[in-house]
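Numbering of the sequence shown is given in the numbering used here, commencing with residue 301 and proceeding in unit increments. For glycine and all other residues, C-beta sits at the position ideal for the given N, C-alpha and C.
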Amino acid sequence: MLNTIWFLMIFIGIVYGIMTGNIEAVNDVILREAGEGVTFTIGLIGIISLWLGVMSVAEKSGLMNSISNLFRPVVRILFPQIPRAHPAERWILMNFIANMFGMGSGATAFGLKAMKELDSLNPHKGRATNSMAMFLIINMSALQLIPLTIIKIRYDYGSNNPTGIVGPTILATTLSTMIAVIIGKIFEGGKS
C-alpha cells in the first residue's frame, strides 16, 4: 500500500510538472535528491556498521548477557506469555537495545527474528498474540535514547550542537513508550 502511495505522489508530481511547463525543475530535483540520497545512505553505513560491530563485540564478550539480565524482569512483565529462556526473549532484548542506541534499520534484523520466535509460540497462526502486539507497539513508540541518524543529519547540515537533541529525545521516548505500553496493556485480550 505504501509503495502505491509513493508511486502516485511521484507520478502526480511529474504529470503536474509537465502540465505546468516545469519539467526542467522536476528533473533537477530528481537528480539532486537522488544524489543526496546516495550520499546520505553512504554516510549512514558508517554509523550502522560501527554500532553493529559494537553489538557484535558486546554479544561475544558477554556484555549483552549482562544487559539482558538487567532488562529481563521488564521483559517478563511486558511479555508474560513468553516461557523463560525462550529465544524470543533474547531477540526482543537485542532489538530493544539496538533501538535504544538509535540503530534504526540495524535493529530490524533483530526485530524480525524476535517476531519469528514469537510466532513459533502462536497457537492461532495468522492472528497476532498479545506478545506480538506489545512488541510491535513498543517498536512503534520510538524506543530510542541516542538518535544517531538524526544526530548525523544535524551534523551533516552544520548544526552547532548536533547532540543537543539527546535530552528531549530521552524525554519523548520515555513518555511515548510508557503511554504505548499502558494502552497496549489496556487493550490486551485474552491469554493468547
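Please name the residue, chosen from the options, that lies closest to residue i on a Cα-to-Cα basis.
i, options, result
"I470", "Y316, I312, L443 and I453", "L443"
"G484", "A358, N439 and P462", "N439"
"Y457", "D328, S356 and T339", "T339"
"L412", "P423, H424, R390 and K425", "R390"
"I345", "V466, I465, P468 and K452", "K452"
"G343", "R454, N460 and V466", "R454"
Do we get a CB-CB distance below 8 Å when we pair residue i with the residues of chain C?
i, result
"R454", "Annotation note: the requested chain C is absent from the structure, which comprises a single protein chain."
Looking at residue i: is its Cβ nearer than 8 Å to the Cβ of residue j?
i, j, result
"A388", "L352", "no"
"G317", "V326", "yes"
"S441", "T463", "no"
"F435", "I392", "yes"
"E315", "L378", "Residue identity differs from the one stated: residue 315 is Val in this sequence, not Glu. In this structure, L378 does not lie closer than 8 Å to V315 by Cβ."
Going by beta carbon distance, what residues of the same chain come within less than 8 Å of residue i, once the five residues before and after it are set aside?
i, result
"T473", "S441, A442, L443, Q444 and L445"
Between residue i and the rest of its own chain, which residues show a CB-CB distance below 6 Å, the 5 nearest in sequence each way excluded?
i, result
"H386", "none"
Might you give, ordered along the chain, the residues of its own chain that have their beta carbon closer than 7 Å to the beta carbon of residue i, omitting 5 neighbours on each side?
i, result
"V375", "E389, I392 and L393"
Are there three or more Cβ pairs, one per stretch, closer than 8 Å when the region 394-410 is compared with the region 447-462?
They touch, by the three-pair rule.
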